[in-house]
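Here's the structure, in structure tokens; my notes come after.
Chains as they are written, first to last, in the numbering used here: chain H, 3 to 104; chain R, 2 to 712.
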């Protein structure tokens, strides 16, 4: 059986990829994709810990499913926002969307 | 119904009419006068019913119609108000109800009801071309309120309620004298009347307070029909001029009478009050309100004469009252001789006749005073209404001929007997009654009784003054009749005069009947050997008001001959002097009397004297002392001083506390926050990813602290 550490390492790697996407990419759609990666890295963690530490309880799986739902909603809302911004400002570049500046 | 209840109800209908007219009916002239006259008719009916019941009651003096209720509780006791019909009230009620009703009806015609409204007429000015009075409803509202006041005064059983009615009438008098407030003379007259009567009223209020504090009641019966109280008051010393309490109180109350009944020296308001409409002059300033003053004097006769034995010399208060009355009677009669305004002659005549009654009260002739009060109310109301009719006719003539003359000036009249027959006949009857034309007229009997009393009690000065006044009265009355009605018209306006409408002449006829008939109730027993079925009914009846029935004087020839003689002589001379006054000529008396005539015409310069003595000093005092010294100097000065100090203190506070400390701190806080913000806003780049990098950095730092350094 594959040891738990491997899963954790995979999860950390996927999370770092997502984090890099969020912080490093200009395109807002790419940033959303990075967020999806980070969420799924968390899911890998959750499922791995459930399977190895408390397989008799269902809480790990339930959490994972809630996170799927949250991720799906977040992607939907995020994409809607991006489309709306694109319509008014004709750009999806994150550094151009700086209305919150002082 | 109970007679007490009927009496309570007598004053109320005019009050209701007043309220209804003021609140709802004032738009409709017809409704207004219907309400006013209707209410007066109801009051008149109630008054007549009560009068009839009072006549039918044996010993009305001891057993009057009386009822009262507690009104204002004052600690353990209460001020009570109530009604009382004793013989004096009954006869007063009789003449008040009749004259008021007659004058209400007369007012309809006088104010040109049924005539169209003239568009040139303005409210506050008399209609100048015979159009309806612009403030028709207002007039009827005011006279209704007046009638309420008068009837309240008459049926009242105590001095407090009397005073309330008295003041309501004073207010109505003020309002109605100034009814045509567009005229400056009317405005001045209303203020003069109000101020002058107020002087008397203040003293009267003092008398009322003194009476209440010394007896604890204001009820007539408890004071005036109570031997014990009267004796006690007569014996208590007041500490003023050696007068007894009774004397002091009656003199204070008498000052109220002096103001209200226009006695010297407070008579000056009454002639000026003729500025009001003529029905007002007739009702308020001849028949009822000025009579109320005499009514008060007659009512408080027992207090005035407390401690006086009939037959002995007069007490000091009585001497004062008799002196003021007799002097006023003569004094006003002399002024009336030289007046040319038809209403002013009557005004001075009223003052003179009221002086007669006051003199009668002063010499102890109780019944004679009450008798003259009644007859005078009828014939003087008649004369005033007649003069109003004459003025109306003259105004018509003036308007028809497009001339400009004073329609009240008797020298511009003449020959009106042909164009105004009803007015002439009734005015003649009234005038003869005023002069005391023997046997026929009411005025003769009452005046003769006063003269007989003055003669019988040995008051020669009073007798002489009143006799002379009677001579002058007959003279100026005949002068007035001759100038107005006899001879030929002296102006085109007079020849174009016409008779007044029936609503005006009908009251004249009714009052003329009383001017003749009202005297028959007081024919002395044994007069010319005459023995009536009820000898001297009035004396028996009214005398019952007093505790001790006054003795009727035995008949004597001297006063009778005097009164017949002076009346006849005055009438003859008056006719003879004025029978042929040509148009445009001056008064025939001007040449023989010379400066005296001028003195009389200017009313002894009393108005000028009062102006110099009281009015101007009052204005001066108001301007210099009250306004400039106290108001502008002291009060304003103080306020301005306080203001200036406050300004200085404020400026100092602002400079040393507000600006440096409060403002400084506020500014420091605000500026500091602003500066801090200017530094920190640089972090706020708007780049979400930048924020996230910072977040990641701090997360990394925290993590490394907890994972690497802490454990």
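Ideal placement from N, C-alpha and C gives every residue a C-beta, glycine not left out. It should be emphasised that the depicted structure is a prediction, and the values quoted were computed from it without experimental measurement.
Exposure of residue i, with buried meaning 16 or more beta-carbon neighbours within 10 Å
i: residue 236/R; result: exposed
i: residue 605/R; result: exposed
i: residue 599/R; result: exposed
i: residue 314/R; result: exposed
i: residue 89/H; result: exposed
i: residue 137/R; result: buried
i: residue 90/R; result: buried
Residue i versus residue j - alpha carbon distance
i: residue 388/R; j: residue 134/R; result: 19 Å
i: residue 422/R; j: residue 416/R; result: 10 Å
i: residue 71/H; j: residue 703/R; result: 30 Å
i: residue 192/R; j: residue 537/R; result: 43 Å
i: residue 371/R; j: residue 358/R; result: 8 Å
i: residue 414/R; j: residue 483/R; result: 10 Å
i: residue 119/R; j: residue 517/R; result: 39 Å
i: residue 20/H; j: residue 673/R; result: 42 Å
i: residue 159/R; j: residue 446/R; result: 31 Å
i: residue 51/H; j: residue 667/R; result: 58 Å
i: residue 86/H; j: residue 687/R; result: 18 Å
i: residue 91/H; j: residue 695/R; result: 27 Å
i: residue 632/R; j: residue 621/R; result: 14 Å
i: residue 1/R; j: residue 324/R; result: Since the first residue shown for chain R is 2 and the last is 712, residue 1/R is missing from the structure and cannot be characterised.
i: residue 525/R; j: residue 556/R; result: 7 Å
i: residue 56/H; j: residue 4/H; result: 17 Å
i: residue 179/R; j: residue 189/R; result: 8 Å
i: residue 37/R; j: residue 45/R; result: 12 Å
i: residue 41/R; j: residue 148/R; result: 8 Å
i: residue 52/R; j: residue 151/R; result: 16 Å
i: residue 187/R; j: residue 80/R; result: 39 Å
i: residue 455/R; j: residue 15/R; result: 40 Å
i: residue 519/R; j: residue 378/R; result: 10 Å
i: residue 229/R; j: residue 296/R; result: 24 Å
i: residue 334/R; j: residue 554/R; result: 27 Å
Bounding residues of the alpha helix (DSSP H) (the contiguous stretch that carries residue i)
i: residue 174/R; result: 160-178
i: residue 57/H; result: Taken as a continuous stretch (DSSP letters only), residue 57/H belongs to no alpha helix (DSSP H), as it is neither H nor E.
i: residue 460/R; result: Residue 460/R -> no alpha helix (DSSP H), and no H or E assigned at all.
i: residue 644/R; result: 637-654
i: residue 602/R; result: 596-602
i: residue 354/R; result: 343-363
i: residue 9/H; result: 6-26
i: residue 34/R; result: 30-57
i: residue 398/R; result: 367-402
i: residue 677/R; result: 665-681
i: residue 505/R; result: 503-518
i: residue 617/R; result: 617-621
i: residue 14/R; result: 13-24
i: residue 4/R; result: 4-10
i: residue 495/R; result: 493-496
i: residue 718/R; result: Look at the range of chain R in this structure, 2 to 712, and you will see that residue 718/R is not part of it.
i: residue 563/R; result: 558-579
i: residue 259/R; result: 246-261
i: residue 234/R; result: 228-236
i: residue 699/R; result: 689-705
Contacts that residue i makes with chain H (C-beta to C-beta distance below 9 Å)
i: residue 718/R; result: Not covered by the structure: residue 718/R. The range shown for chain R is 2 to 712.
i: residue 709/R; result: Those do not exist, as residue 709/R stays about 17 Å from chain H at its closest Cβ, beyond 9 Å.
i: residue 693/R; result: 21, 24 and 25
Under 8 Å from the C-beta of residue i: neighbouring residues of chain H
i: residue 686/R; result: 100 and 103
i: residue 704/R; result: Within 8 Å Cβ-Cβ: nothing; residue 704/R doesn't reach chain H, min ~13 Å.
i: residue 646/R; result: Neighbours of residue 646/R on chain H: none; closest Cβ ~52 Å, over 8 Å.
Listed by chain order, chain R residues near residue i by CB distance under 8 Å
i: residue 76/H; result: Within 8 Å Cβ-Cβ: nothing; residue 76/H doesn't reach chain R, min ~15 Å.
Where residue i meets chain R, residues with beta-carbon distance less than 9 Å
i: residue 38/H; result: Ordered by position in chain R, no residue passes the 9 Å Cβ test against residue 38/H, which lies about 16 Å from the chain.
Residues that residue i contacts on chain H, provided the C-beta gap is smaller than 7 Å
i: residue 689/R; result: 96
The ligand FMN heavy atom lying under 7 Å from the CB of residue i
i: residue 605/R; result: No copy of the ligand FMN occurs in the structure displayed, which carries no ligand at all.
Quick one: which unbroken alpha helix (DSSP H) runs of 4-plus residues sit fully inside the stretch 282-323 of chain R? Chain order, please. 290-300 and 302-305
Please specify which runs of the beta strand (DSSP E), each continuous and at least 3 residues long, are wholly inside the stretch 70-143 of chain R, giving them in chain order. 78-86
Note down, one range per segment and in chain order, each alpha helix (DSSP H) of at least 4 residues found wholly within the stretch 197-223 of chain R. none
Length at least 4, wholly inside the stretch 419-477 of chain R: the alpha helix (DSSP H) runs in chain order: If we require 4 residues or more, the alpha helix (DSSP H) runs fully inside the stretch 419-477 of chain R come out as 422-436 and 443-457.
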